[in-house]
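In this note's numbering, the protein residues as written are 3 to 304.
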């Protein structure tokens, strides 16, 4: 029987989701702007006005489309409230888990309608999947979460740095790593990235400001817990990164492109690991259910 301090997993998920939406709105809202910029409004307009589109929409799906925050909200995305951001995360999750097949069917009706907005919407859906998985894990292993302490860590101000060879820093770096193969590798990079302006791409992806976030959390943790850290844990790290970069430049650029992972940025796909409901009542069956569900299966909601 649950104690007075326990709460349903669905309540815990909602509370964590609201907290994450508020704390990480600086990342979520720019993704929402990309979704809007890449055509979600045009797609929604077609689903409302096109006869062919409307014929393929069950009533429940049509109601869901109309609830999209991009048309239900009248404020600019940057001014969205936490509640609207939470609605976006829920809507994105439903697009990923409940209505994926219907959306694919509608997108096929118009070849000119790209799905870049949908790819970005799936990034927002990760928040929902990650929170459900975290709550599920907390239900199964509460002892791991009991002693977790959270405290703010002040990171130093960003520091500017210089890349080698201001005019062509990427060529200089590739040349240092690969020597005589630098020019042919740059051509492979152009093909791999789909642009002839790889130097510009580098400058956009790597602005000359060094900002420390997670690194500071690691430093402060190991300083406060010296017994948990290996001696000189950062020694040879830059050399390892250099060797991995050299290897990828030689091999990975010509390897087949992997499909995007819509569920998590690292680790196993939450699509493949969400095999049981989140609620405590599912725990008795956790050990017995080891089969992996299909991609179109439920996210693990009750």
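Heads up, the beta-carbon is just placed ideally off N, CA and C, and yes, glycines get one too. Keep in mind that this is a model prediction, so the values were computed, not measured.
message: Using only the alpha-carbon positions, how far apart do residue 66 and residue 137 sit?
response: In this structure, the alpha-carbon of residue 66 lies about 26 Å from that of residue 137.
task: Can you tell me which of the three DSSP states residue 211 falls into?
output: strand
- prompt: Exposed or buried, which one is residue 147 when buried takes at least 16 other CB atoms within 10 Å?
  reply: By the C-beta density criterion, residue 147 is exposed, having fewer than 16 other C-beta atoms within 10 angstroms.
field: Distance CB(residue 98)-CB(residue 127) smaller than 8 Å
entry: yes
query: Would you call the CB atoms of residue 160 and residue 211 closer than 8 Å?
result: yes
query: In three-state DSSP terms, what is residue 161?
result: strand
- request: Identify, in the order they occur along the chain, each residue of the same chain with its Cβ nearer than 8 Å to the Cβ of residue 195, setting aside the five sequence neighbours on each side.
  value: 203
message: Less than 7 Å between C-beta atoms, sequence neighbours within five positions excluded: which residues of the same chain meet that for residue 258?
response: none
- prompt: Around the Cβ of residue 186, are there at least 16 other Cβ atoms within 10 angstroms (buried) or fewer (exposed)?
  reply: exposed
Where the alpha helix (DSSP H) through residue 173 begins and ends: 171-180
message: What would DSSP say about residue 70, mapped onto helix, strand or coil?
response: coil
- prompt: Ends of the alpha helix (DSSP H) at residue 2?
  reply: The structure shown does not extend to residue 2, since the chain spans only 3 to 304, so no value can be given for it.
- request: Just confirm the distance between the C-beta atoms of residue 43 and residue 63, as a whole number of angstroms; I'd bet it's less than 8 Å.
  value: 18 Å between Cβ atoms; not a contact.
message: For residue 245, report the span of its alpha helix (DSSP H) as first-last.
response: 239-253
query: Is residue 119 helix, strand or coil when you go by DSSP?
result: helix
field: Among 216, 184, 130 and 119, nearest to residue 157 - alpha-carbon criterion
entry: 216
- prompt: Taking the C-alpha atoms as reference points, what is the distance between residue 10 and residue 19?
  reply: 14 Å
message: Just to confirm, is the Cβ distance from residue 84 to residue 46 under 8 Å?
response: no
task: Return the residue from the list 191, 80, 176 and 102 that minimises the CA-CA distance to residue 29.
output: It is 80.
query: Is it right to say residue 17 is buried, meaning 16 or more other beta carbons lie within 10 angstroms of its own, or is it exposed?
result: Its Cβ having fewer than 16 others within 10 Å, residue 17 is exposed.
- prompt: In chain order, what residues of the same chain have a beta carbon less than 6 Å from the beta carbon of residue 184, not counting five sequence neighbours either side?
  reply: 176 and 177
- prompt: Using the beta-carbon count (16 or more within 10 Å), is residue 143 buried or exposed?
  reply: exposed
query: With burial defined as no fewer than 16 other Cβ atoms inside 10 Å of the residue's Cβ, what is the status of residue 134: buried or exposed?
result: buried
field: Neighbourhood of residue 167 by C-beta distance below 6 Å, restricted to the same chain and skipping five residues each side
entry: 174
task: Under 8 Å by Cβ, that's how I've got residue 179 and residue 255 pegged, so tell me the actual separation to the nearest angstrom.
output: At roughly 13 Å, the Cβ-Cβ gap does not stay under 8 Å, so residue 179 and residue 255 are not in contact.
Rounded straight-line distance, which links the Cα of residue 221 to that of residue 60: 54 Å
Own chain, CB closer than 6 Å to residue 248, minus 5 neighbours either side, in chain order: 179
- prompt: If you draw a straight line from the alpha carbon of residue 91 to that of residue 208, how long is it in whole angstroms?
  reply: About 28 Å.
field: 7 Å CB neighbourhood of residue 251 in its chain, flanking five on each side removed
entry: 176, 179, 180 and 187
field: Minimum C-alpha distance to residue 96 - residue among 78, 86, 131 and 112
entry: 131
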